[in-house]
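Protein chains in written order, with my numbering: chain U, 1 to 631; chain X, 1 to 631.
From the three backbone atoms N, C-alpha and C, an ideal C-beta is built for every residue, glycine too.
Notes for the one structure printed next.
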């Protein structure tokens, strides 16, 4: 396992700034194209559009009223109206048949062509119909309530410049000019080739025993390409069949302005990329001093640009956004989103010392004063949940040892629409809580268990902690609501092994799936084991050693029950409600409390209040959950 | 012409706030639907998505290296490595065939299934291959570089809540969960019925003599509906055929969640709307105390909501954005864009006293310090150019008499992407200028003519004025560039009337199209007429009276020439370059200077500097324009 970079002479990582320069030098500009006006929203004009017609195309009445010769109305007022004869009428969309001679008027509606001879309109409110014409009670000047031909836009005038992004109002102006097809910049075509024997497209059957996982990068990067104004093309998935991979890279390069690959970081897959680039293109860089994203490859294949993204989804998306999205936006003619950076202060101290620039995923939460707190979200590059638990990226310079708590940092939001959660909630997972969160706008819940939830609440990051089992909040907190839930062992339907309690797990050859330590369910279970040990005058540790699977700690409240349902265990620590939901048996071991508490300085946040209100309705939610009782 | 509101007892206009309440009470919620993950970007989750699988689905090696029993490595270090035998290899996507017994190791690649018996991974960098196995140079703890099954997402865990907007990262998480179809809120279907005999769809032939104009509202409102997250349906255009209009309103109501009509404000068209609403629905309000938009109608037709928008494009779009877009966004599950309000100060005093709330279109420009100035853009409701010359709306309370210059105002941007122009340029229109502006990012040019351009520059609103002809800037300005252009009379090809100069226009029966007073071309022309008058010892006014069409003032530099090309005049005031472009004849009358000058306090703005640089290249631009010379 010799590193490819050793063999390929890419011993030196290039700086992130140099990588940006290399990427900026790539040509991914698409040809411009013509699209129908109806389909032009969001596109960018490729060239200037000048008016070819006058708007309006005729002298136009701006009001309902009477077209007159202004001089005929001089001196008219309420006390001394001028009588004019009526020579006809013109409505919008009609060719005038009458003309306005001296002492005459023609009735006009808004938008009508001014009849010949008239130079002004008297509003209908300033007139009175008479038996033989109309009495005008005001004097008007030439041009009053008339829009002259070309007064809005004159033929030959510059209407919209190249680079203009077409929104409703530009589409309005183009409509007024009669333009039904517009020259726009093409969307850069971006091919996405995802490689790796272990990848299965979402929706397919997964063989976990064979190490298969769902392909996350294809659709994620495709969505990110579209967000940047590109036209993504997801190529059929390739395994680690290198001939097929080469074929797809070459096809992608022929069909697209830019080809991205991600997934396989194996040395031989990289060899394929190298050989394609060497035979048909130009390798521009391999390896960037940035975390994550060190193994990035940039080059050209044929007429197309090529970027090899890291395989882990968070790394791939982070590198795409930092390095590739600006190139796609530039080619699409879209500006960098200016509103996408916010400033906050670090909620905690974050150590770092790897000597390369770090693109640190970060979450946001408003404190009690509405100021933004920033906390690192780093669950390892392989974790896809970092994708949704973070709100943006903090760029940490390479020479940083640590970010101090309270230090001011800039966060590049994942998109301008990203906003901090209205309530940040951590702790024990629970089905009633989940249903309550459904009734709150923009919550974020991190299922870290009761103990870690309490620790984080003390640390001052989240607004709310969810506490289940024997542990209780220390320090001052504000109660938002609570309930009890019946817990015990979820067993197969009908309880075929006739399990009656903890003693069966200790004494018999039964396989358990436990919850992780730190969860409230686990704490209640451990208390039950300790009680049995006391009864038997044994050490708790000896009993747990005797339970097969005591160390098999699942992370979510339903997981042990699902293992039981899948036939992988005889019993799973869990809730009666879960057993009922999944049609499984249940051996009750007790009832535990669940309390939802807020940090006192966050209790007035709107999102916290919303959660409190949602929990006030927990009685109705509890009714649908077996073994749950409002407290 | 009795006002409909008199007959229909809607004498009282309702307040804008009441109108919002009525609109909020309309039910335009669409059914939810299921879409493929690939098509889910930008959609909003209709219900919570919980994980149904563990991610990863197996204990997974996080690094390339060797799977071991951690206890076998205790005490190992660089000086004293531990020798392990090699029992096989597992790569990503493979089912392990070997297991790890005491004293053994199995080679693993990143993403591989951990082989049975192993509880940790030693990174390849910490090992050395040996003849009969591997030497491990570090000690590891159980779990090191292993991601346990479900550690990322556990089966049963809450993944995404209802109301979540799906961007690249949510699509990533859903991919990881194997979800290939998601329940999303439907996009509210919004039918658009545009009425008016005078309307022609863009791209169609226009009969201006019959008062036809292009239909601006259909595509504009459709684009605005799409921007608000709705699904617009533009119905075939109806004239003022009332049976057809009724049929379309009813069909739209059957097919859509909301029907919008706009265009015809004629009393009889409103009658049709009334009769449809009365027979099949409920009239909720007619008439709102807001400018523009007074004639708004809100009601229900069958199961659908109905809003009648004003006919003028700017009014229609303004009312749509202020009253209807929030309803569409709410139904689509999209939040109000929070970033779409900016604060600036009024650049000029703006009088107002109509006693109803005003939604005033406003343009933005940064002053020399980067502070935002706000200026009213009010060219009359019929002007479509207000659409693109404004950046947003200032809401002026009904009891306001005036907004003072310098007063702080909030501007609701037309969309969060709207940004002020980088350079605001006013004055004489000119083909060289237009080409130079093409090379500048985000300029705005208002073709108000030389005299008005200089007035506005003195007033302190624009950055730059373009000055042509005899007038010169007063006060201090910064020169950005300039050129000369040959001007004269554009005549039909071959000059069939043998026009030689101004005297022919005065003395012969020839029809002229002039430019508006205030333009530099007109000023040079008037100077030529005055010179002739001096020669003849006559008054200039008598000569201009003798010129047929002297008062026919076109607004753009090409317009008179286009009238000549259309056979509507014998001569048009214009440029040699235009005559050449349009293949017409030209009678030279002189050469005039064009100067581009900046306000001194704006000269350092980036956009102004960009324009200056673009003008430095005017030599090359001038080469393509007949009669132009760089100065």
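Of all the options the options, which has the alpha carbon lying nearest to the alpha carbon of residue i?
i, options, result
"residue 88 (chain X)", "X:214, X:37, X:494, X:109", "X:109"
"residue 388 (chain X)", "X:188, X:404, X:364", "X:364"
"residue 181 (chain U)", "U:210, U:529, U:141, U:45", "U:45"
"residue 196 (chain U)", "U:261, U:291, U:137, U:185", "U:261"
"residue 191 (chain X)", "X:207, X:304, X:152", "X:304"
With a threshold of 8 Å between beta carbons, is residue i in contact with chain U?
i, result
"residue 447 (chain X)", "yes"
"residue 158 (chain X)", "yes"
"residue 520 (chain X)", "no"
"residue 591 (chain X)", "no"
"residue 113 (chain X)", "yes"
"residue 95 (chain X)", "yes"
"residue 255 (chain X)", "no"
"residue 517 (chain X)", "no"
"residue 1 (chain X)", "Its pLDDT being 35, under 50, residue 1 (chain X) is placed unreliably by the model, and the measurement read from it follows with that caveat. So, interface residue."
"residue 437 (chain X)", "yes"
"residue 224 (chain X)", "yes"
"residue 558 (chain X)", "yes"
"residue 53 (chain X)", "yes"
"residue 317 (chain X)", "yes"
"residue 5 (chain X)", "Confidence in residue 5 (chain X) is poor, its pLDDT being 36 and thus under 50, which makes the residue's placement unreliable; the coordinate value appears in the next sentence. So no, residue 5 (chain X) is outside the interface."
"residue 465 (chain X)", "no"
Check whether chain X comes within 8 Å of residue i, counting only Cβ atoms and requiring the distance to be less than that.
i, result
"residue 486 (chain U)", "no"
"residue 152 (chain U)", "yes"
"residue 395 (chain U)", "no"
"residue 323 (chain U)", "no"
"residue 450 (chain U)", "no"
"residue 194 (chain U)", "no"
"residue 289 (chain U)", "no"
"residue 573 (chain U)", "no"
"residue 622 (chain U)", "no"
"residue 411 (chain U)", "no"
"residue 482 (chain U)", "no"
"residue 434 (chain U)", "yes"
"residue 613 (chain U)", "no"
"residue 13 (chain U)", "no"
Cβ closer than 8 Å: which chain X residues qualify as neighbours of residue i?
i, result
"residue 414 (chain U)", "167, 168, 169"
If I follow the unbroken beta strand (DSSP E) through residue i, where does it start and stop?
i, result
"residue 632 (chain X)", "Within the shown structure, residues of chain X are numbered from 1 to 631, placing residue 632 (chain X) beyond reach of any answer."
"residue 149 (chain U)", "Unbroken run through residue 149 (chain U): none, as it is neither H nor E."
"residue 499 (chain U)", "Segment: none, residue 499 (chain U) is in no beta strand (DSSP E) and carries neither H nor E."
Rounded to the nearest angstrom, how far is the Cβ of residue i from that of residue j, given a contact under 8 Å?
i, j, result
"residue 429 (chain X)", "residue 556 (chain X)", "6 Å"
"residue 316 (chain X)", "residue 229 (chain X)", "In fact, because the Cβ distance is near 19 Å, the residues do not count as touching under 8 Å."
"residue 248 (chain U)", "residue 234 (chain U)", "Rounded, the Cβ-Cβ distance is 11 Å, inconsistent with contact."
Which residues in chain U have a C-beta closer than 8 Å to the C-beta of residue i? List them in chain order.
i, result
"residue 57 (chain X)", "206, 208, 212, 213"
For residue i, go through chain U and note every residue whose CB falls closer than 7 Å to its CB, in chain order.
i, result
"residue 216 (chain X)", "172, 175, 176"
"residue 387 (chain X)", "169, 172, 173"
"residue 562 (chain X)", "155, 156"
Identify the continuous alpha helix (DSSP H) that holds residue i and give its terminal residues.
i, result
"residue 242 (chain U)", "242–255"
"residue 312 (chain U)", "Taken as a continuous stretch (DSSP letters only), residue 312 (chain U) belongs to no alpha helix (DSSP H), as it is neither H nor E."
"residue 457 (chain X)", "450–459"
"residue 525 (chain X)", "520–536"
"residue 328 (chain X)", "325–332"
"residue 16 (chain X)", "16–24"
For residue i, which residues in chain X fall below 7 Å Cβ to Cβ?
i, result
"residue 161 (chain U)", "437, 438, 443"
What does residue i touch in chain X if you count any residue whose Cβ is under 9 Å from its own?
i, result
"residue 48 (chain U)", "434, 435, 437, 438"
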